[in-house]
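Worksheet for the structure shown next.
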Amino acid sequence: MSEPHPRRAAVTGIGVVAPNGITTETFWKATKEGISVLDRVTRDGCEHLPLKVAGEIREFEPSAAVEERFLVQTDRFTHFALAAADMALDDARLARADIEQAPYSIGVVTAAGSGGGEFGQRELQQLWGKGSRYVGPYQSIAWFYAASTGQISIRRGFKGPCGVVAADEAGGLDALAHAARSVRRGTDVVVAGSTEAPLAPYSVVCQLGYQELSTADDPARAYRPFTSAACGFVPAEGGAVLVVEDETTALERGAQVRAHLAGHASTFTGASRWEQSREGLAQAIRGALDEAGCAPEEIDVVFADALGVPDADRAEALAIADALGAHGRQVPVTAPKTGIGRGYCAAPVLDAAAAVLAMEQGVVPPTPNVFDICHDLDLVTGRARAAELRTALVLSRGLMGSNSALVLRRGTADAAQ
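Residue numbers for the sequence shown follow numbering that gives the first Met the number 0, beginning at 0 and rising by one.
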């Protein structure tokens, strides 16, 4: 009796809603060109708060992307997720007929850190300003960090395994890894990713408790990791959704395999203990390489976590060197998020999307607003760098101490976007 062929988790679709573009194409064009869209916070109610700079999405119209019956019961972060999921499914060429034929073979997994703060704030203001009769029934679900998973699956009729990952910022990569494991265990398709909307006044006030948050008022200087001027990170909204699919199933229906989720590992080193994140992140990298069957010298590009805190930046640079050896000082490193902000759980998923696109086009996108690097890294700055990219490493750390690493291998799709 022959052994069953191992199932490989492939990326067949990408959907992006980000500060620098509300389609995958516009996101990638701006990312590749190193365009920074960080700007002053303009949200009502935030004018007098210490946070001055963020990555806002200013051209997204929810009603153009989501039906009214879903809009009224969901928050902005779920609006982003529904729109990104639609784009990813279209990109994967997963038609409604495919879904109706096998709804139990399609699952959803997302990660979120901030949840539905804008919806929650509005309903609480109604409660205290007008009374309980003015609070809608959806307050009980719209704020919840699991809302996007539920609403994507309900709206699309997916009845396969669903889940939500709670691992602060690193949860974005962990959600992709969860999707890959589900595929290897027998689920044909998993819609996976993360979106965030942390710029409502209530949400911003909560974030002011993070000592790592940048309160600088110059958009060009507010978020500059790996430099002597590093003063923290700026938050962002938006995110990305990927369609993760069994490679054989994808090829049988004519889909393009854009990348493989080859290896992942995670660790935990404690909140704000950035010097300890060196060992934890290095161990996560080693674990991801082991699962992928990948030697350190095979890594062609690293998408860095890039917190923008001196101790954290130093720990990350040393972790890369610890895990990759001499190759860690030679491999191109990039952090495109410095041009759009650090979107909590969504940040590493956007990096994963950018890594897939970078491998397809053979180009490493630059790190906006960063020039005077003070760490031993080959950080790509200024303009994009042409390179033969077969394998990418994406890193993420959370403010509460989670560390995660993901290895992506280039797929068979033709370069597009």
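Every residue gets a Cβ at the ideal spot worked out from N, C-alpha and C, and that includes glycine.
Tell me whether Arg384 sits in a helix, a strand or coil according to DSSP, three-state version.
strand
Which residues in the same chain have their Cβ closer than 8 Å to the Cβ of Ala316, if we skip the five residues on either side of it in sequence?
Phe225, His374, Asp375, Leu376
If you run the structure through DSSP and keep just helix, strand and coil, what is Arg7?
coil
Where are the alpha helix (DSSP H) runs, 4 residues long or more, that stay fully inside the region 94-130, in chain order?
95-100, 116-128
Considering only residues of the same chain and omitting the five flanking positions on each side of Cys161, which have a CB-CB separation below 6 Å?
Gly106, Val107, Thr148, Ser152
Under a Cβ-count criterion, where at least 16 other Cβ atoms within 10 Å of its own Cβ denotes burial, should Glu99 be classed as buried or exposed?
exposed
Glu244 lies in the beta strand (DSSP E); which residues open and close that run?
237-245
Select from Lys51, Arg42, Ile56 the residue whose C-alpha is nearest the C-alpha of Phe26.
Ile56
Taking just the CA atoms, how far does Ile319 sit from Gly44?
Cα atoms of Gly44 and Ile319: separation of roughly 40 Å, rounded to the nearest angstrom.
Tell me the DSSP secondary structure of Phe26 in three-state form.
helix
For the region 181-253, list the beta strand (DSSP E) runs that are entirely contained and at least 3 residues long, ordered along the chain.
188-195, 237-245
My guess is that Thr337 and Thr366 are in contact by the Cβ rule of under 8 Å, so how many angstroms apart are they, rounded?
5 Å
Using a Cβ distance threshold of 8 Å, determine whether the region 86-93 contacts the region 6-14, with at least three qualifying pairs required.
Judged by Cβ distances under 8 Å, the region 86-93 makes contact with the region 6-14, as three or more pairs qualify.
Whose C-alpha, out of Val65, Leu388, Gly208, is nearest the C-alpha of Ser271?
Gly208
Is it the case that the Cβ atoms of Leu288 and Arg42 are separated by a distance below 8 Å?
no
Which two residues bound the contiguous beta strand (DSSP E) that contains Val332?
For Val332, the enclosing beta strand (DSSP E) begins and ends at 331-333.
Alpha carbon to alpha carbon, how far is Ala291 from Val71?
43 Å
When you compare the CB positions of Ser265 and Ser401, do they come within less than 8 Å of one another, or not?
yes
In the DSSP assignment, what are the bridge partners of Glu417?
Lying outside 0 to 416, the shown extent of the chain, residue 417 is not represented and no answer is given.
State the Cα-Cα distance for the pair Tyr137 and Asp371, rounded to the nearest angstrom.
Just so you know, the alpha carbons of Tyr137 and Asp371 end up roughly 48 Å apart.
Identify the continuous beta strand (DSSP E) that holds Gly262 and give its terminal residues.
Taken as a continuous stretch (DSSP letters only), the beta strand (DSSP E) holding Gly262 covers 258-267.
Could you tell me whether the region 233-249 touches the region 343-354, where touching means 3 or more Cβ pairs closer than 8 Å?
The answer is yes - the region 343-354 touches the region 233-249, with three or more Cβ pairs under 8 Å.
Just the Cα atoms here: how many angstroms apart are Ala357 and Thr77?
Taking the straight line joining both Cα atoms gives about 27 Å.
What's the gap between the Cα of Val404 and the Cα of Pro218?
Looking at the sequence provided, one finds Ala at residue 404 rather than Val. Approximately 29 Å, taken between the alpha carbons.
For Arg68, report the span of its alpha helix (DSSP H) as first-last.
67-70
On the CB-based measure, 16 or more other CB atoms within 10 Å of its CB, does Thr186 come out buried or exposed?
buried
In angstroms, rounded to a whole number, what distance separates the CA positions of Ala322 and Phe118?
For Ala322 and Phe118, the distance between alpha carbons rounds to 42 Å.
Is the beta carbon of Val332 sitting closer than 8 Å to the one on Ala303?
Taking 8 Å as the Cβ cut-off, Val332 and Ala303 qualify as a contacting pair.
Which term fits Arg184, buried or exposed, when burial requires 16 or more other beta carbons within 10 angstroms of its beta carbon?
exposed
So which of Leu212, Val188, Glu195 has the shortest CA-CA distance to Gly114?
Glu195
Once the 5 residues before and after Val188 are set aside, which same chain residues still bring their CB inside 6 Å of it?
Ile105, Glu244
Would Val52 pass as a contact of Ala221 if the rule is Cβ separation under 8 Å?
yes
Starting from the C-beta of His326, find all residues in its chain whose C-beta is less than 8 Å away, skip the five residues before and the five after it, and write them out in chain order.
Pro295, Glu296, Ile298
Kindly indicate which residue of Asp38, Ala80, Met86 has the alpha-carbon position closest to the one of Thr23.
Met86
How should Ala96 be labelled, buried or exposed, when 16 other C-beta atoms within 10 angstroms of its C-beta is the threshold for buried?
exposed
Who are the Cβ neighbours of Val16 in its own chain at under 7 Å, not counting the five residues just before and after it?
Ile56, Phe59, Phe79, Ala82, Ala83, Thr194, Gly237, Gly238
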